[in-house]
Amino acid sequence: MEVIFSKVQTKEEIAALADLAFGIWHEYFISIISREQIDYMVDKFQSVPAMTDQIHQQGYEYYFMNVDGVHVGYIGVKQEEGKLFLSKLYIAKEYRGHGYASRAMEFLTALCKERSLSAIWLTVNRYNDSTIAVYEKKGFTTVRTQVADIGNGFVMDDYVMEKTIV
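So this is what it looks like as C-alpha cells:
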C-alpha cells in the first residue's frame, strides 16, 4: 500500500490535522498520562491555533500520511542546527502495524538527505515502552533524559533519542 505524504498548508488542512491529532492523542496516551494532561497538551500543542502558529511563525512543517485518500497519521518536523527535529509521528489505531512508521522513516531520511541534515532527533515519553522499542528498531539511540515543565502543573518526562543520517 502506497503512503503519500502531503504537506499541511491551508486552514482547512490544519483543522483536519487538529481533528486527527485529538482522536489519536485521546486514544493512545490515556494509558500513559492523565486525561487532564492530554487535554492540556492537545490544546497547547495540537489545536488549530497552536499548529497555525507553529507552521507560520515557528518553522514547523506538518505532513499528512495518506493511504487511499484517508489520513492514517501525521508527522510534524522542524529543521534546526543541521538536524531534523521529529516533533510528531502519530498513526491512527486502526492503521498501526501496517508498516506506515517504516514509510515515515524513509520519508524523513530522504528529507534529511535532500536538505543535507546530519540526524533526526526526537523526544519520547520515558514510559512509552512500545514506541521506544519502535524507534530503537529504526536505529535511534537514547542520548539523554529531559524533564520539561509545560505549565499548568504538568511536565513532559522524556528520553531524547537520535539517529545519524549517512
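My numbering applies: residue 15 is where the sequence shown begins, and numbers increase by one. Ideal Cβ placement from N, Cα and C applies to all residues, glycine included. Quantities reported herein were computed from a predicted structural model and do not represent experimental measurements.
A Cβ-Cβ separation of about 5 Å places M170 in contact with A162 under the 8 Å criterion. Look at the region 142 to 170 and you find these whole runs of beta strand (DSSP E), each 3 residues long or longer: 155 to 165. By alpha-carbon distance to T159, the top candidate from E50, V180, G165 and W135 is W135. P63 and G73 have their C-alpha atoms some 15 Å from each other.
Residues of the same chain with a CB within less than 7 Å of the CB of E50, apart from the 5 flanking positions on each side, do not exist.
A distance of 7 Å or more separates the beta carbons of E41 and K102. Here the alpha carbon of K177 sits roughly 11 Å from the alpha carbon of K151.
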